[in-house]
Every structure is written in structure tokens, then in C-alpha cells.
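Participant:
2 protein chains.
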Amino acid sequence: MKTPTEKSTKTRQLLLDTALELFATRGFAGTTMRVIAEESGLSLGNAYYYFESKDAIVHELFRDLLEKHRAATWPLLVQGNNLETNLRVALDKTLETMAPFHEFGPAFIRTAFAGAHSDLSDVHRALEFGLWRQVVATSRPLPPLAIRNDLPKLLWLIQRGVFLFWAYDSSPGAARSHRLIKNVAPVTARLVVLSRMPVVRSILDDVLSLVRNAA
Amino acid sequence: MKTPTEKSTKTRQLLLDTALELFATRGFAGTTMRVIAEESGLSLGNAYYYFESKDAIVHELFRDLLEKHRAATWPLLVQGNNLETNLRVALDKTLETMAPFHEFGPAFIRTAFAGAHSDLSDVHRALEFGLWRQVVATSRPLPPLAIRNDLPKLLWLIQRGVFLFWAYDSSPGAARSHRLIKNVAPVTARLVVLSRMPVVRSILDDVLSLVRNAA
DNA sequence: GAACAGTTTTGAACGCGTTCAAAACTGATA
DNA sequence: TATCAGTTTTGAACGCGTTCAAAACTGTTC
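Sequence order for the protein chains is A and B. All letters in the first sequence, in the order written, are residues 6 to 220 by my numbering. All letters in the second sequence, in the order written, are residues 6 to 220 by my numbering.
#1: Tell me Asn87/A's beta-bridge partners as DSSP assigns them.
#2: Compare the C-beta of Lys118/B against all C-beta atoms of chain A and say whether one is closer than 7 Å.
#3: Residues of chain A with CB closer than 9 Å to the CB of Asp211/B, please, in chain order.
#4: Taking Pro146/A as the query, report the chain B residues whose CB atoms sit under 9 Å from its CB, ordered along the chain.
#5: Express the C-alpha separation of Val63/B and Ser204/A in angstroms, rounding to a whole number.
#6: Less than 8 Å between the CB atoms is what I'm expecting for Arg145/A and Gly50/A, so what's the real figure, rounded?
#7: On the criterion of 16 or more Cβ atoms from any shown chain inside 10 Å, does Gly110/A qualify as buried, or is it exposed?
#8: Please confirm whether Pro157/A and Arg184/A have their CB atoms less than 7 Å apart.
#9: Is the beta carbon of Val192/A less than 7 Å from the beta carbon of Pro148/A?
#10: Whole angstroms is fine: what's the gap from Trp171/A's alpha carbon to Met38/B's?
#11: Jot down the residue ranges of each uninterrupted alpha helix (DSSP H) in the stretch 86 to 119 of chain B, minimum 4 residues, whole runs only, in chain order.
#12: Okay, do the stretch 94 to 110 of chain A and the stretch 16 to 33 of chain A touch, 3+ Cβ pairs below 8 Å being the bar?
#13: Any idea if Glu26/B is buried or exposed, counting beta-carbon neighbours within 10 angstroms, 16 or more meaning buried?
#14: Which of helix, strand or coil does DSSP assign to Leu25/A?
#15: Smallest Cα separation from Thr143/B: which of Trp161/B, Ile114/B and Glu89/B?
#16: Could you give the residue range of the alpha helix (DSSP H) that holds Met54/A?
#17: When you compare the CB of Met103/B with every CB in chain A, is at least one pair closer than 7 Å?
#18: Just to confirm the assignment, what range does the alpha helix (DSSP H) spanning Trp79/A have?
#19: Grab me the residues of Arg17/B's own chain with a C-beta within less than 7 Å of its C-beta, minus the 5 sequence neighbours each way, in chain order.
#20: Near Arg201/A, what residues of its chain come up, given a Cβ to Cβ distance below 7 Å and the 5 sequence neighbours on each side ignored?
#21: Assuming contact is defined by CB atoms lying nearer than 7 Å, are Ala98/A and Ala77/A in contact in what I supplied?
#22: Where do the ends of the alpha helix (DSSP H) carrying Ala179/A lie?
#23: Kindly list, in the order they appear in chain A, the residues whose Cβ is closer than 9 Å to that of Val204/B.
#24: Let's see if you can read the secondary structure: which residues bound the alpha helix (DSSP H) around Met38/A?
#25: So Leu20/A packs on Ser45/A, CB below 8 Å; how close in whole Å?
#26: Quick one, which of Glu72/B, Val40/B, Ala194/B and Asp211/B has its alpha-carbon nearest Val128/B's?
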């Protein structure tokens with residue numbers, strides 16, 4: 006693993022692909038490290054040569070899913086949509102992308118919330134943010150200038166909240182999560198519009214600076 | 006286990022007490038089911054006669070901690086404090102109570118968020134809410150009547166957020182979590198005051214009905 | 001070729017949470 | 001006292017994630 010690139014990248018990728026397919030078909034508990042290795046034609050110990058732990062595999066899967074979500078959502082963010090529509094699209098796509106892995110909820114939460122200040126996740130964090138910046142940038146009318154810069158972070162936080170809710174949502178078809186989105190989107194949009202009023206704006210500033218300092 | 010009460014309640018309690026002590030001293034991973042059983046003078050299998058799983062023990066520990074938090078916070082909620090003070094006291098006590106079990110974060114999150122609609126947790130939920138109702142009731146000046154009923158639920162949600170943040174907060178001494186509390190309390194209080202203004206109030210109503218439908 | 005320094009692969013092992021059939025115990029009934 | 005239906009306790013086992021020393025492979029240098 007010293008030299009970053011080898012033809013062992015292939016093996017690593019094979020392992021990853023196999024794991025991802027098994028995860029989707031057999032679920033989390035059903036996909037043991039032994040099965041992943043076997044299905045890849047490798048020995049158990051060998052799998053651990055490429056991945057530190059099962060969690061490490063889940064972590065990569067999660068990152069891939071976020072990337073997939075970004076790719077799927079981006080083209081839908083056409084100029085002219087209002088913020089509510091864009092937000093709803095982005096949030097709906099989140100659940101759609103994650104749907105096959107609903108039972109991974111707890112594992113995902115761990116990987117999503119842990120190590121907020123690691124090196125690799127910084128790059129990744131930037132990518133995530135790009136999407137929410139695009140959500141804001143393509144919305145018409147554009148949100149008030151005063152909050153335009155911080156709005157992406159707020160939306161990102163909202164996504165996290167929805168994701169968390171979904172991860173532990175045991176209602177059939179995650180119906181409650183979808184209902185939540187249907188409600189969250191208009192409320193947020195309305196909040197943004199009203200942010201032109203000084204009172205609302207001052208509170209929003211408070212909340213945003215809170216988010217800025219914390220997350 | 007058919008008859009709810011026996012002198013085996015003693016054994017169960019012994020197991021629980023031992024586990025709690027070991028958890029605090031040896032940590033989560035270090036406290037294996039085998040150690041718990043051994044330290045209690047029982048066999049491993051016997052421990053499983055009383056507790057379905059290790060998680061079940063964690064669940065009870067968590068409930069006990071919430072109860073402890075409630076008992077410790079209640080007497081501090083004297084009339085005359087303003088909402089900000091009361092909220093801060095309650096949140097600070099939350100972290101103080103949980104502090105020895107910081108590394109349990111992920112396990113606690115699972116037990117705290119999972120099974121939102123179970124039978125036993127309803128009783129428990131009611132107890133939790135009581136505390137936040139007290140926070141509101143003892144605050145002077147009393148929050149506007151219009152939101153007084155829903156405010157406890159909002160505060161409870163805020164506590165959950167802080168708890169979640171803390172659970173994954175790896176800053177030394179959970180300093181970031183404490184800073185978050187220091188900021189959240191005044192912002193919330195200010196929001197409540199401003200809820201007298203129609204614009205703010207309408208948004209708050211939106212958010213509250215959102216919370217009411219979701220959580 | 002032979003020797004050598006990697007990298008990759010193996011196979012067996014460890015301790016963990018969890019399960020379960022069978023044994024030991026309990027107290028009421030005849 | 002003997003029997004019987006519980007409840008409690010045991011001990012061995014299973015499969016899991018993970019570790020690790022040793023083997024098998026590379027490719028490079030004389």
C-alpha cells in the first residue's frame with residue numbers, strides 16, 4: 006500500500022463492487038466479510054489487506070452514494086425553478102438514492118457524523134456543498150443577497166436532519182420522511198422570503214452563525 | 006419471566022448494576038457480556054436469560070441516565086429564571102450527566118432514535134416531556150401563550166440535536182458542544198420573545214406544526 | 001539463474017455477541 | 001415423599017469481525 010497505484014487497484018475495486026452488490030441484495034448483516042471475500046474469489050484475510058474494516062467499506066459505499074446523488078440531482082436544478090422546488094427535488098433524490106440501503110441507517114449515521122474533521126472528508130465535504138450552492142444559485146428569484154452565502158450551509162444541515170430522520174424512520178416506504186420533505190421545503194422557502202424583514206433576518210443570522218460555528 | 010415479579014428481580018438488578026459500573030470504568034468495548042456475567046457471579050448464558058442483548062442493557066442504562074438528568078435538573082428550575090437560563094441549565098446538565106459515557110455516543114444514538122413508536126418508550130417519552138414542560142412553566146416572563154403549548158416539544162427537539170452533536174463531538178472535553186449550548190440558549194430565548202411579532206410567529210407556527218407532525 | 005526486497009495471499013486463530021438443548025433448581029399437588 | 005410444571009442456570013457451540021505470522025508471489029539486481 007506504499008505506492009498509491011498498482012494493478013491491485015483492480016482487486017480493491019472488485020472487492021468494493023462485490024460488496025456493494027451484496028449489500029444491496031443481502032442487506033447489511035447478511036453480507037459478512039467472509040461472503041464478500043468468497044464472492045470476490047479471495048480469502049478472508051486478503052479482504053482485510055485492502056480494507057481496514059467492514060465499516061471502511063460502508064464508508065466508501067456511503068461516499069459513492071452521495072456522489073451518485075449529486076450527479077443525479079445536478080441536471081434537475083434548472084434555472085427558473087423556485088427555491089422550494091429545487092430543495093424538494095434535491096431532498097427527494099436523497100431518499101431515492103439511499104432507498105435500497107434503508108436498513109444501513111445506523112451504520113450510515115456513524116460514517117456520516119463521525120470524524121467531522123478528517124482530511125479526506127474535507128474534499129468530500131466541499132463536493133457536497135457544491136450541490137447546495139447550485140440549489141441556491143439556480144433558484145429564481147434568487148434568495149436575498151444577505152443570506153445567499155450562508156444559505157447552502159443551512160440547506161445542507163436540513164438535508165442532514167432529513168437523512169437522520171429517514172435513517173430511523175420505520176414507517177412503510179419511509180412515508181413519514183417523504184411527508185417531512187413535503188413540509189420542510191415550503192417552510193424553508195417561506196423563511197427565506199421573509200428573511201427580508203429585519204426581525205426574521207436577525208434571527209436567521211443568529212441561527213446561521215450558530216451553524217457556522219458548530220458544524 | 007411470565008410472572009412479572011420474582012426474587013429474580015434481584016438478579017436482574019445485580020446484573021444491571023454490575024454492567025453500569027463496568028461500563029463507566031472499562032468503557033463500552035471493554036465491558037463484554039462475559040465480564041458482566043463473571044463479575045456478577047453468573048454464567049454467560051444466564052445473563053442472556055435476563056437481557057435479550059447487550060444493547061438491551063445499554064438501553065436501560067440510557068433510560069436511567071435520562072431519569073437521573075431529570076431528577077438533577079428539576080430542582081434547579083426555580084421560578085424567576087428566564088427561559089434562557091432554564092434552557093441552559095437543562096442542557097448543561099444533560100452533558101454533565103452523560104459525560105462519563107461519551108464514548109457510548111453511537112450506541113446511545115441508536116437506542117435514543119430507534120423505535121420511536123414502541124409501547125414502553127411512550128411512558129418514558131412522557132416523563133422526558135415533563136421536564137421541558139417544567140422548563141417552560143417556571144420561566145419568567147412566561148413565553149407567549151400562543152406558543153406555550155408547543156414550546157416544550159421544540160426544546161426537547163433542541164436537546165436531541167445537542168445530544169446528537171455531543172455524541173459525535175471529539176473536541177477535548179466536548180468543548181464544542183458546550184459552546185453550542187452557550188449559543189443555542191440565547192438564540193432560542195430571543196426567538197421566543199420575537200414570536201410576538203406576526204411574521205416570526207407565522208414561521209414558528211410552521212416549524213412547530215412540522216415538528217408536531219414528524220416527531 | 002540466484003538472491004533479495006517488496007507486495008500480496010493464505011490459513012489458522014482469537015474474542016466477541018448470541019443461541020440452545022439439557023441439567024439443576026424451585027415450590028405446589030397428591 | 002414422590003411427582004410434576006414451572007423457572008433458573010449451565011456449558012458448549014456458532015458465526016461474526018478482526019489479527020497475524022508465515023507462505024507465495026512479484027520484479028529487480030548481480
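C-beta atoms are modelled at their ideal positions from N, C-alpha and C, and glycine is treated no differently.
Facilitator: Straight from the coordinates:
#1: According to DSSP, Asn87/A bridges with nothing at all.
#2: Note that residue 118/B is Phe in the sequence shown here, rather than Lys. Taking Cβ atoms only, chain A reaches closer than 7 Å to Phe118/B, which makes this a yes.
#3: Asn188, Pro191, Val192, Arg195 and Leu196
#4: None at all; the shortest Cβ gap to chain B is about 19 Å.
#5: Inspection of the sequence shows that residue 204/A is occupied by Val rather than by Ser. Taking the straight line from one Cα to the other gives about 44 Å.
#6: Rounded, the Cβ-Cβ distance is 56 Å, inconsistent with contact.
#7: buried
#8: no
#9: Taking 7 Å as the Cβ cut-off, Val192/A and Pro148/A do not qualify as a contacting pair.
#10: 31 Å
#11: Scanning the stretch 86 to 119 of chain B from its first residue to its last, the whole alpha helix (DSSP H) runs of 4-plus residues come out as 88 to 103 and 110 to 118.
#12: yes
#13: exposed
#14: helix
#15: Glu89/B
#16: Reading off the sequence shown, one finds Tyr at residue 54/A, where the question assumed Met. Start and end: Leu49 to Tyr55.
#17: no
#18: No residue range can be given for Trp79/A, since it is assigned to no alpha helix (DSSP H) and is classified by DSSP as neither H nor E.
#19: Tyr55
#20: Pro149
#21: The question names Ala, but residue 98/A is Lys in the sequence shown. Cβ distance < 7 Å, so Lys98/A and Ala77/A count as in contact.
#22: Run containing Ala179/A: none; DSSP gives neither H nor E here.
#23: Leu199, Met202, Val204 and Val205
#24: For Met38/A, the enclosing alpha helix (DSSP H) begins and ends at Met38 to Glu44.
#25: 5 Å
#26: Glu72/B
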